[in-house]
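> Submitted below is the structure of interest, expressed as C-alpha cells.
Chains as they are written, first to last, in my numbering: chain A, 1 to 267; chain B, 268 to 534.
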C-alpha cells in the first residue's frame with residue numbers, strides 16, 4: 001500500500017504507477033497526511049513531491065524530512081503537462097483553480113488569457129479538477145488524466161510557461177535498498193551559524209573525493225533569519241566506502257548531520 | 268514614490284515606512300506589478316519581500332531578479348505578527364484567507380483550530396483583510412494594522428507556528444549606494460552543469476579571503492531538473508578591493524555571474 005496525494009488522477013498517482021504499477025494506493029488529502037500514514041504504519045511507502053524543474057523545492061516536504069524520522073528509499077521523475085480543464089467554455093470561466101505549484105507554473109498563461117479570473121488554490125491539482133466538475137465557472141489546471149476522471153473538457157493543453165516541466169518525487173519507507181551501482185544519497189547538514197567558510201569545508205570533503213553533488217538547497221532553521229539547513233543530494237550509496245568516509249568527515253565538521261537515505265537514482 | 272505590495276496595511280507598507288517614513292507609496296496588486304512600476308520608471312524604488320525566517324525564499328522575487336535588470340539598493344527586516352481577523356465570531360468562520368506565505372506560517376494553528384474551514388489564497392495579507400471585511404464567514408490572517416484599516420475584530424493574535432517570524436525585504440532602485448562600512452553584496456552565479464566541485468571552487472574564492480556569506484540559495488534554471496542558479500549574499504561592498512577581486516575570480520570560474528548590487532546591511 002502506497003500513500004499519495006489524491007484524489008484519483010493526481011500527478012502523485014502517476015509517480016506511484018511509474019514506481020510500482022501494481023501496488024494498492026491510498027489517497028491522502030495533503031503531503032502531511034501521506035507522511036503521517038507512513039509514520040502510523042498504515043501504508044508501506046509514501047510517495048511525495050520534492051522538487052519541480054520550474055518552481056523549485058516543495059518546501060513542506062523538505063521540512064517534514066527534517067522534523068520526522070523518514071527514510072528515502074527511492075525517487076521518481078514525472079513529466080508534468082498541465083491542461084486547462086472545465087465543464088464550461090472559455091467564456092464561462094470566472095475561477096481558475098489548482099495546486100499553488102500548478103498556478104505558479106502557468107502564471108504567464110493565466111495572466112495572458114484569464115487576466116480577470118479569480119485564481120484559487122486547492123490542496124492538489126486533481127482536487128481542483130474534482131471541484132471544477134461541480135461548476136461551469138471553474139477551470140482547473142491539472143493532468144489530462146484528472147480531466148478524464150472527472151468528465152471535464154480540455155480548454156487548452158500544455159499550458160505551463162516553459163514546456164520542459166518535471167517533478168521529482170521521493171519514495172519514503174523503512175529499509176535502505178541495496179546498492180545498484182547508480183544510487184543517490186540524501187543528507188541534511190546544519191553548520192554553526194556565522195562561521196565563514198563552513199559550507200566550503202563541507203563541500204570540500206565531497207569535491208576532494210570526486211563525489212558529484214546533484215543538488216544543494218538551503219532552508220531556514222526557523223529560528224532566526226539568516227540561519228540555514230542545507231539539503232544535499234550526492235551520487236553514491238552509503239555502503240560505498242568513499243561515501244561513508246566523506247560523511248564521517250562531514251559529521252566531525254558540522255553541528256548536525258542527518259542521513260535521509262540511499263536509493264536507486266531515477267536518472 | 269515607492270512601489271509596494273498593497274492594499275494599505277500590508278507588511279510591505281511596514282517595510283517601506285521602516286526604510287523611509289515620509290515617501291509617498293504606490294500600492295501594487297502583486298510583486299510583478301511592483302517590479303514593472305520600477306522598470307517603467309513610474310516609481311523611484313520598489314520594496315518587495317525576498318525571504319521569510321519560517322518559510323524561506325519568496326521564489327517569485329528571486330526569479331524576477333534573474334529575469335530583469337534590477338539593482339538592489341537596500342534591505343529591510345520586518346517582524347511579522349499574524350492576527351486572525353474577522354467581522355464574525357470564531358463560530359462563523361467558514362473560510363480562512365491570506366497570502367500563501369501567511370497560510371504556511373500558520374499551518375499548525377489552522378489545522379488545530381479550524382480543521383474544517385476552507386483555506387483560500389489571496390494576493391496579499393492585506394487584500395485578505397479587505398475581503399474579510401465583506402463577509403462574516405471569512406477570517407483573514409494579516410497584520411494588526413490591516414485589521415484596524417478594514418474594521419475587523421481580533422479573533423486571535425500571534426498565531427504563527429513559531430513566534431520569531433521575520434521577513435526580509437529588498438529595496439530595488441537605480442543607483443548603488445556608497446559603502447557605509449556595514450554592507451552586503453548580492454550576486455547570482457550559474458555554474459556549468461555536472462562539473463563536480465564547481466560550487467566548491469566558487470565558495471573557495473570567498474572563504475580564502477575571509478568573506479562571510481550570509482545566504483546561499485539554489486533555484487532551478489527552469490531548463491532541466493537538476494540544473495541550478497545560486498543566489499549568494501555576502502558581507503562587503505563591491506567597491507571594496509577584496510570583494511571586487513573575489514568577484515573577478517568567480518567570474519572566470521562560472522558560466523554566468525550577475526551582480527545584483529551592494530547596499531547597507533539591515534543587521
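C-beta: ideal position from N, C-alpha, C; glycine also. This structure is a prediction, so every number in the text was calculated from the model and none was measured.
(1) Could you pull the DSSP bridge partners for residue 184 of chain A from this structure?
(2) Going along the chain, which unbroken runs of the alpha helix (DSSP H) with 4 or more residues stay wholly within the region 281-349 of chain B?
(3) In the DSSP assignment, find the beta strand (DSSP E) that holds residue 365 of chain B and state where it starts and stops.
(4) With a threshold of 8 Å between beta carbons, is residue 98 of chain A in contact with chain B?
(5) Count the other CB atoms within 10 Å of the CB of residue 379 of chain B; is the residue buried (16 or more) or exposed (fewer)?
(6) Would you kindly work out how many angstroms separate the C-alpha atoms of residue 476 of chain B and residue 510 of chain B, rounded to a whole number?
(7) Skipping 5 residues on each side, what residues in its chain have a beta carbon closer than 8 Å to that of residue 333 of chain B?
(8) By Cβ distance, which residues of its chain are closer than 8 Å to residue 14 of chain A, with the 5 residues on each side in sequence left out?
(9) Mapping DSSP to helix, strand and coil, what is residue 436 of chain B?
(10) With DSSP as the reference, identify every bridge partner of residue 153 of chain A, one or two as the case may be.
(11) Could you tell me which residues DSSP pairs with residue 121 of chain A in its beta bridges?
(12) When you compare the region 463-482 of chain B with the region 423-431 of chain B, are there three or more beta-carbon pairs, one atom per stretch, that lie closer than 8 Å?
(13) With 8 Å set as the bound, which would you pick, yes or no: does the beta-carbon of residue 457 of chain B sit closer than that to a beta-carbon of chain E?
(14) Starting from the beta carbon of residue 217 of chain A, find every residue of chain B whose beta carbon is closer than 7 Å, and list them in chain order.
(15) Nearest CA to the CA of residue 45 of chain A: which residue from A:135, A:172, A:149?
(16) Can you give the beta carbon distance from residue 584 of chain B to residue 328 of chain B, rounded, assuming they're within the 8 Å contact cut?
(17) When burial is assigned at 16 or more other CB atoms within 10 Å of the CB, is residue 125 of chain A buried or exposed?
(18) Measuring CA to CA, which of B:371, B:529, B:400, B:465 is closest to residue 355 of chain B?
(19) Return the bridge partner residues of residue 485 of chain B from the DSSP annotation.
(20) For residue 278 of chain B, write down the residues that DSSP places opposite it in a beta bridge.
(21) Using DSSP with H/G/I as helix, E/B as strand and the rest coil, what is residue 189 of chain A?
(22) Taking buried to mean at least 16 other C-beta atoms within 10 Å of its own C-beta, is residue 434 of chain B buried or exposed?
(23) Do residue 76 of chain A and residue 266 of chain A have their C-beta atoms closer together than 8 Å?
(24) Pop quiz: residue 234 of chain A and residue 174 of chain A are said to be a contact at Cβ under 8 Å. What is the actual Cβ separation, rounded to whole angstroms?
(25) Return the first residue and the last residue of the beta strand (DSSP E) that residue 522 of chain B is part of.
(26) According to DSSP, which residues form a beta bridge with residue 3 of chain A?
(27) Can you tell which of A:141, A:80, A:250, A:85 has the C-alpha that lies nearest to the C-alpha of residue 12 of chain A?
(28) Against residue 490 of chain B, what residues of chain A qualify as contacts under a CB-to-CB distance less than 7 Å, listed in chain order?
(29) Starting from the Cα of residue 269 of chain B, find the closest Cα among B:283, B:276, B:277 and give me that residue.
(30) Going by DSSP in three states, residue 225 of chain A sits in which element: helix, strand or coil?
(31) Which residues in the same chain as residue 249 of chain A place their Cβ atom closer than 6 Å to its Cβ, once the five residues preceding and following it in sequence are excluded?
(32) Return helix, strand or coil for residue 426 of chain B, following the three-state DSSP convention.
(33) So, helix, strand or coil for residue 478 of chain B, using DSSP?
(34) Taking only the alpha-carbon atoms, compute the straight-line gap between residue 417 of chain B and residue 364 of chain B and give it to the nearest angstrom.
(35) So, does the CB of residue 246 of chain A fall closer than 8 Å to a CB anywhere in chain B?
(36) Find the nearest neighbour of residue 198 of chain A within the set A:20, A:57, A:251, A:138, judged by alpha-carbon distance.
With the given structure in hand:
(1) Here the question's residue 184 of chain A lines up with position 184 in the first chain. In DSSP, residue 184 of chain A forms a bridge with A:235, A:263.
(2) 298-306, 326-334
(3) Residue mapping note: residue 365 of chain B aligns to position 98 of the second chain, counting from 1. Taken as a continuous stretch (DSSP letters only), the beta strand (DSSP E) holding residue 365 of chain B covers 362-365.
(4) Taking the first residue of the first chain as position 1, residue 98 of chain A is located at position 98. No, because no Cβ of chain B sits closer than 8 Å to the Cβ of residue 98 of chain A.
(5) As a working mapping, residue 379 of chain B is identified with position 112 in the second chain. That one is exposed.
(6) Position 209 of the second chain, counted from the first residue, corresponds to residue 476 of chain B. Position 243 of the second chain, counted from the first residue, corresponds to residue 510 of chain B. Their backbone Cα atoms lie some 9 Å apart in a straight line.
(7) Counting from 1 along the second chain, the entry for residue 333 of chain B is found at position 66. Contacts found: 455, 486, 496, 525.
(8) For the purposes of this step, residue 14 of chain A is identified with residue 14 of the first chain, where counting begins at 1. 78, 143, 145.
(9) Locating residue 436 of chain B in the second chain gives position 169, where the first residue counts as 1. Residue 436 of chain B falls in the strand class under three-state DSSP.
(10) Within the first chain, the letter at position 153 stands for residue 153 of chain A. Paired residue(s): A:86.
(11) For this step, residue 121 of chain A is matched to residue 121 along the first chain. BP columns for residue 121 of chain A point to A:98.
(12) no
(13) The structure shown contains no chain E; its protein chains are A and B.
(14) As a working note, residue 217 of chain A is residue 217 in the first chain. The answer, in chain order, is 485.
(15) Walking along the first chain from the start, residue 45 of chain A turns up at place 45. Closest by alpha carbon: A:172.
(16) Since the first residue shown for chain B is 268 and the last is 534, residue 584 of chain B is missing from the structure and cannot be characterised.
(17) Taking the first chain and counting its residues from 1, one reaches residue 125 of chain A at position 125. Under this definition residue 125 of chain A is a buried residue.
(18) If you number the second chain from 1, residue 355 of chain B lands on position 88. Comparing Cα positions, the closest option is B:400.
(19) By 1-based counting over the second chain, the position of residue 485 of chain B is 218. B:497.
(20) The residue given as residue 278 of chain B occupies position 11 in the second chain. Paired residues: none, contrary to the question.
(21) Taking the first chain and counting its residues from 1, the one referred to as residue 189 of chain A is at position 189. Here residue 189 of chain A sits in strand by DSSP.
(22) Residue 434 of chain B sits at position 167 when you count from the first residue of the second chain. Label assigned to residue 434 of chain B: buried.
(23) Here residue 76 of chain A refers to the residue found at position 76 of the first chain. Here residue 266 of chain A refers to the residue found at position 266 of the first chain. Contact flag set, yes.
(24) Working through the first chain from its first residue, we reach residue 234 of chain A at position 234. Working through the first chain from its first residue, we reach residue 174 of chain A at position 174. The pair is not a contact, with the Cβ atoms about 22 Å apart (cut-off 8 Å).
(25) The sequence position of residue 522 of chain B within the second chain is 255, counting from 1. That residue, residue 522 of chain B, is in no beta strand (DSSP E); it is neither H nor E in DSSP.
(26) Counting from 1 along the first chain, the entry for residue 3 of chain A is found at position 3. Paired residues: A:26, A:46.
(27) Position 12 of the first chain, counted from the start, is the residue given in the question as residue 12 of chain A. Checking every option, the nearest Cα to that of residue 12 of chain A belongs to A:80.
(28) Here the question's residue 490 of chain B lines up with position 223 in the second chain. Correct list: 164.
(29) As a position in the second chain, residue 269 of chain B is number 2, starting the count at 1. Nearest of B:283, B:276, B:277 to residue 269 of chain B, Cα basis: B:283.
(30) In the first chain, the residue the question calls residue 225 of chain A occupies position 225. If DSSP states are grouped into helix, strand and coil, residue 225 of chain A belongs with coil.
(31) For the purposes of this step, residue 249 of chain A is taken as residue 249 along the first chain, with counting starting at 1. Contacts found: 205.
(32) Taking the second chain and counting its residues from 1, the one referred to as residue 426 of chain B is at position 159. Reduced to three states, the DSSP call for residue 426 of chain B is coil.
(33) Sequence index remark: in the second chain, residue 478 of chain B carries index 211 (1-based). DSSP places residue 478 of chain B in coil when its eight states are reduced to three.
(34) To locate residue 417 of chain B, count along the second chain from 1; it is residue 150. To locate residue 364 of chain B, count along the second chain from 1; it is residue 97. Answer to the nearest angstrom: the Cα atoms are 14 Å apart.
(35) Position 246 of the first chain, counted from the first residue, corresponds to residue 246 of chain A. Taking Cβ atoms only, chain B never reaches closer than 8 Å to residue 246 of chain A, which makes this a no.
(36) Within the first chain, residue 198 of chain A is the residue found at index 198, counting from 1. Of the candidates A:20, A:57, A:251, A:138, the one whose C-alpha sits nearest the C-alpha of residue 198 of chain A is A:251.
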